[in-house]
């Protein structure tokens, strides 16, 4: 039986806790949130995540706090030797992302990022088609749009939505991105972060990719 814990009980954190509570072979041993009203059912609850990790000694932990706090919380859990799943994006900056990765390397604990689109049945089918048929990719065009989520206040649309597709491009092509050109705008986002972006990427092999993403469209697509 693997012992699981969750830090951050917002929308995604509550979902992680729910799934862990229903998985065979997993015991949800604790949840933590700074909001004392965010308890998940009758599972052990803490407002101090460090206290929870010390007392409950989980085998792994999901970190579902706001993106700007990922580095602080993840580097701590990794320093304690706890296998850590960080919700996407891994961090709010390249510097902080590298700090998390280095903490994992130093401790030897496993680090994963919650890029759930990799497990989307459509993506799984597409990947199988591409690699079983020897298909050659010349270009990739992706559009991911929707209304602005009120709960996202610390990052813009690139880190919230665009990160899915940037990851998928590398995942499906098995290539690193060699160059990026991006334009962003802020039209109606009260947090002042960008709510519209057009991203053009070039890959090592010459594949070109284009991503259009925004929080301006009244429906998800």
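Numbering (my numbering), first residue to last: -4 to 216. All C-beta atoms, glycine included, are put in the ideal place defined by N, C-alpha and C.
Identify whether residue i lies in helix, strand or coil by the three-state DSSP scheme.
i           : result
residue 91  : helix
residue 73  : helix
residue 178 : strand
residue 164 : helix
residue 108 : strand
residue 124 : helix
If we ignore side chains and look at the alpha-carbon of each, how far apart do residue i and residue j end up?
i           : j           : result
residue 112 : residue 23  : 24 angstroms
residue 46  : residue -2  : 16 angstroms
residue 211 : residue 158 : 17 angstroms
residue 168 : residue 103 : 28 angstroms
residue 71  : residue 101 : 12 angstroms
residue 74  : residue 126 : 38 angstroms
residue 180 : residue 29  : 33 angstroms
residue 206 : residue 50  : 44 angstroms
residue 197 : residue 120 : 24 angstroms
residue 213 : residue 138 : 14 angstroms
residue 91  : residue 62  : 10 angstroms
Tell me which same chain residues have a C-beta within less than 6 angstroms of the C-beta of residue i, skipping the five on either side of it?
i           : result
residue 1   : 8, 11, 12, 26 and 57
residue 106 : 79 and 99
residue 83  : 108, 109, 110 and 158
residue 38  : 23 and 26
residue 195 : 176 and 205
Using a Cβ-Cβ cutoff of less than 7 angstroms, which residues in the same chain neighbour residue i once the five nearest sequence positions on both sides are dropped?
i          : result
residue 77 : 48, 53, 55, 56 and 104
DSSP beta-bridge partners for residue i?
i           : result
residue 97  : Per DSSP, none; premise fails for residue 97.
residue 56  : 0 and 79
residue 22  : -2
residue 208 : 139 and 192
residue 41  : 27
residue 172 : 198
Contact between the segment 135 to 155 and the segment 189 to 203 (3+ Cβ pairs under 8 angstroms): yes
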